[in-house]
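Per the working numbering, the sequence shown starts with residue 23, numbered consecutively.
Worksheet: one structure, shown below.
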Amino acid sequence: MATETERHLRADAARNAERIVRAAHAAFTDDGPDVSLEEIARRAGVGIRTLYRHFPRRGDLIQAVLDQRVTEDLMPAIQRALDDDNPLHGLTTLIETALAMVAREMNTLTAAKSTDSLTPDLSTAYFEAMTQLMHRAQQARLLRADLVPDDLTRIMAMLTGVLWSMDPKTEGWRRYLGFVLDGLSPATATVQPPAVPVVRNPRAGSLFD
Numbered sequence: 023m024a025t026e027t028e029r030h031l032r033a034d035a036a037r038n039a040e041r042i043v044r045a046a047h048a049a050f051t052d053d054g055p056d057v058s059l060e061e062i063a064r065r066a067g068v069g070i071r072t073l074y075r076h077f078p079r080r081g082d083l084i085q086a087v088l089d090q091r092v093t094e095d096l097m098p099a100i101q102r103a104l105d106d107d108n109p110l111h112g113l114t115t116l117i118e119t120a121l122a123m124v125a126r127e128m129n130t131l132t133a134a135k136s137t138d139s140l141t142p143d144l145s146t147a148y149f150e151a152m153t154q155l156m157h158r159a160q161q162a163r164l165l166r167a168d169l170v171p172d173d174l175t176r177i178m179a180m181l182t183g184v185l186w187s188m189d190p191k192t193e194g195w196r197r198y199l200g201f202v203l204d205g206l207s208p209a210t211a212t213v214q215p216p217a218v219p220v221v222r223n224p225r226a227g228s229l230f231d
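Following this line, the structure appears as C-alpha cells:
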C-alpha cells in the first residue's frame with residue numbers, strides 16, 4: 023500500500039504534468055509551433071529537468087497537448103451531437119466544432135506535424151460518432167443515401183485542408199462547409215461513381231492531418 027508520502031509525490035507529479043501541458047498549449051498558441059521547451063518550462067513554473075522527466079521527447083509533450091484538447095473540447099461535443107434528436111443537426115454541429123478546434127490549434131498541429139505526433143487514434147471517436155450520425159440521418163432521409171463512412175474521412179480532409187489557406191480567425195471555412203452540406207442534401211443529389219477504398223497510411227482517418 024502506498025504511503026502518504028508516496029501519494030503526495032504522485033499528486034505533485036500529476037500537478038506538474040498538468041501545468042506543463044497547459045503551459046505548452048498556451049505557448050504554442052501565443053508564440054508559434056517552434057517555441058522552445060525552456061520557454062514552456064518557464065511558463066509552467068518548473069525546471070527543464072522536470073519537463074523532460076514527464077515528457078522525454080518534444081513529440082510526447084505535443085501528443086499530450088492534443089490529447090487534452092480532444093478530451094476537453096471534442097469529446098463533449100461528440101456526446102452532445104449523439105444526443106441530438108435531429109441527426110443531421112448533430113452531424114453539422116459536430117463538423118463545425120471540429121473545424122473550429124482545428125482552426126484554433128493550427129500552431130500546435132504544425133508542431134505535431136514536425137515531430138510526427140499525429141496519430142489516427144486522436145480522431146477515432148470523432149469518426150465513429152460521425153458514422154453513427156450519418157446512418158441515422160440517412161434513415162431519416164435527411165442525408166443522401168449514397169454517402170459512406172470513407173466519404174466522411176475524405177470530406178473532413180478537404181475541409182481541414184481549406185484552413186491552411188486562410189487566416190483561421192476569419193472562420194472562412196464556413197463557406198466551404200456550406201457548399202459541402204448543400205451537396206449532401208438528398209433533395210439535389212445526383213448519381214455519383216462508387217466510393218473507392220481509402221489508401222491506408224499511418225495518418226489515415228486523422229481529423230488533424
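C-beta: ideal position from N, C-alpha, C; glycine also.
Quick caveat: nothing in here was measured; it's all calculated off a predicted structure.
| Item | Value |
| --- | --- |
| Of the listed residues Met178, Arg79, Arg65, nearest to Asp52 (C-alpha basis) | Arg65 |
| Among Leu83, Arg79, Arg71, Ala33, nearest to Ala45 - alpha-carbon criterion | Leu83 |
| CA nearest to the CA of Asp168, picked from Leu206, Leu199, Glu118 | Leu206 |
| DSSP state of Trp195 mapped onto helix, strand, coil | helix |
| In chain order, each beta strand (DSSP E) run of at least 3 residues that lies wholly inside the region 107–137 | none |
| Beta-carbon proximity check, Thr115 vs Ala103, cutoff 7 angstroms | yes |
| Short Cβ contact (7 angstroms threshold) for Glu61 with Ala49 | yes |
| Burial state of Trp186 (16 or more Cβ within 10 Å) | exposed |
| Coil, strand or helix - Leu206 by DSSP | coil |
| Proximity of Arg166 and Ala217 at Cβ, strictly below 7 angstroms | no |
| Candidates Gly54, Pro219, Pro215, of which the one nearest Thr130 by Cα | Gly54 |
| DSSP state of Met188 mapped onto helix, strand, coil | coil |
| Option in Val57, Gly69, Ser139 with minimal Cα separation from Ala86 | Ser139 |
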